[in-house]
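For the sequence shown, our numbering begins at 9 and goes up steadily by one. Using N, Cα and C, we set each Cβ at its ideal position, and we do this for glycine too. Fair warning: this is a prediction, and the values are worked out from it, not measured in the lab.
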Amino acid sequence: MAAKKRSRIYKIIFIVYALSILLAGEIYSQSITGTLGTGGIFTIKATSDTLFRISQTTGNVSLFRNLELGGDSVSTTSRGVITKNGRPFIHNYRAPGSYGYNTFVGLEAGNFTMSGSLGQASNNTGVGYRSLASLTTGYHNSAFGSHSLYSNTTGYRNSAFGSFSLHSNTTGYENIALGANSLYSNTTGYINSAFGPYSLYSNTTGYQNSAFGYSALYFNTTGYTNSAFGTFSLYANTTGFNNTAIGYNSGANITTGSNNIAIGYSVQLPSGTANNQIRLGNTSITYAGVQVAWTVTSDRRYKDNIAPINSGLGFITKLNPVSYVRKNDEKGKTEYGLIAQEVEEVLK
């Protein structure tokens, strides 16, 4: 009974104290409807300093001191959530038992069903509408832009900058995408670098590709260790691997070919499905040379089964020099030489 009496006394003291504050003017309450005070303003003050204000006229809420979210409740994972129209807008939700250190800003950014422990589901940053919205145990991810890393669940150390960048990534890791829709379709591919809108757009499981430029390696799906530098470079490559293209639209006709090199403006290879081809310069090039002599493998040390050709002069007279125009030469420039198939027939 004594405890109950003390509780009642404490309540009475608190009420008296609150009333004394109101009477002293430390809290000035002016009804939003204007029935109390003037100007339709609700104000909270500490002595002469204004701490908080709500204006009926403008609808503005003014805070003149710090705002603390969640207090010191470290064990509560969902404290400190700012919502907008009932949807999460700013929060740092962490999975129970994990380190946390997450930051999410934007409508429905982040995920309130994350799981994992310790370092899992930790150190993630999502800024933008539904960025990192599917995250479960992934960690050390950075997503900036609407729907960036939207589908990522367990993928880790990914960086996505631009709307819909790395949108479909689920378990892929250590990818970097810079530009709207870059690496959009990537699911499990890893250690890819895409710089430019729509670069590596179709990549799903391909890995260790590098694309620099608008739509570079656009159609690549499962191809790996390709390097494309320039807008539309290696544009049509799908499953080819170990290809290198430098220059606008360079190597854009390669589809499934591998270990090819194309250098120069709009340089295309003779075949998009063949392997081990090199082409330097486009059909507009009129001179090709180097300051020193070429080193070629005519050295005996690089050859086996060496035998003389007995045809001699008769072989030479059977050769048929021709003029021709390359099929991929838009300017239709005439060139001179031999047809490889005809030379092969003479040698038989």
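Beta carbon of T342 nearer than 7 Å to that of V333
Here residue 342 is taken as the residue at index 334 of the sequence shown, counted from 1. Here residue 333 is taken as the residue at index 325 of the sequence shown, counted from 1. Cβ atoms of T342 and V333: closer than 7 Å.
Using DSSP with H/G/I as helix, E/B as strand and the rest coil, what is T229?
Counted from its first residue, the sequence shown places residue 229 at position 221. T229: coil per DSSP, three-state reduction.
Exposed or buried, A296, counting other C-beta atoms within 10 Å across all chains shown (16 or more means buried)?
The residue given as residue 296 occupies position 288 in the sequence shown. The Cβ neighbour count for A296, taken over all protein chains shown within 10 Å, is under 16; the residue is labelled exposed.
Touch check for the region 173–183 and the region 198–206: three-plus C-beta pairs under 8 Å?
As far as the Cβ criterion goes, the region 173–183 touches the region 198–206, which means the pair count is three or higher.
DSSP has P96 in a bridge; who is on the other side?
Here residue 96 corresponds to residue number 88 of the sequence shown, with the count starting at 1. In the DSSP assignment, the residues bridged to P96 are T91.
Given S106 as reference, the closest of Y147, T58, K335, F112 once Cα atoms are compared
Numbered from 1 along the sequence shown, position 98 holds the residue referred to as residue 106. Considering only alpha carbons, the answer is Y147.
Where the beta strand (DSSP E) through E338 begins and ends:
On the sequence shown, position 330 is the one that residue 338 refers to. Careful: E338 lies outside any beta strand (DSSP E) and carries neither H nor E.
What are the start and end residues of the alpha helix (DSSP H) that includes L208?
Locating residue 208 in the sequence shown gives position 200, where the first residue counts as 1. From DSSP, L208 is part of no alpha helix (DSSP H); its letter is neither H nor E.
Pull the bridge partners of L126 from the DSSP assignment, please.
Sequence index remark: in the sequence shown, residue 126 carries index 118 (1-based). Paired residues: S106.
With a threshold of 8 Å, are at least 3 pairs of Cβ atoms found where one atom belongs to the region 232–250 and the other to the region 304–314?
No, they do not touch.
S266 versus N250: straight-line alpha-carbon distance, rounded:
In the sequence shown, residue 266 corresponds to position 258, counting from 1. In the sequence shown, residue 250 corresponds to position 242, counting from 1. It is roughly 6 Å from the alpha-carbon of S266 to the alpha-carbon of N250.
Can you give me the Cβ contacts of Q276 inside the same chain, cut-off strictly under 6 Å, excluding the 5 residues immediately before and after it?
Here residue 276 refers to the residue found at position 268 when the sequence shown is read from its first residue. Correct list, in chain order: N261, N336.
Since A6 and S173 should fall inside the 8 Å C-beta cutoff, what is the C-beta to C-beta distance between them, to a whole number of angstroms?
The chain is shown only over 9 to 356; residue 6 falls outside these bounds and no answer can be derived.
Given a cut-off of 7 Å on the beta-carbon distance, is the pair G221 and T247 in contact?
Against the sequence shown, residue 221 aligns to sequence position 213. Against the sequence shown, residue 247 aligns to sequence position 239. Not closer than 7 Å, so no.
May I have the straight-line CA-CA distance separating T3 from T281, to the nearest angstrom?
Summary: the structure shown does not reach residue 3, with the chain confined to residues 9 through 356, and so no result is reported for it.
Could you compute how far the alpha carbon of G163 sits from the alpha carbon of S171?
Residue numbering aside, residue 163 sits at position 155 when the sequence shown is read from its first letter. Residue numbering aside, residue 171 sits at position 163 when the sequence shown is read from its first letter. Rounded to the nearest angstrom, the two C-alpha atoms are 18 Å apart.
Extent of the continuous beta strand (DSSP E) run through T51
To locate residue 51, count along the sequence shown from 1; it is residue 43. T51 -> beta strand (DSSP E) spans 49–54.
Does DSSP put T43 in a helix, a strand or coil?
Numbered from its first residue, the sequence shown carries residue 43 at position 35. Confidence at T43 is low in this model, with a pLDDT of 36, below 50, so the placement of that residue is unreliable and no value is reported for it.
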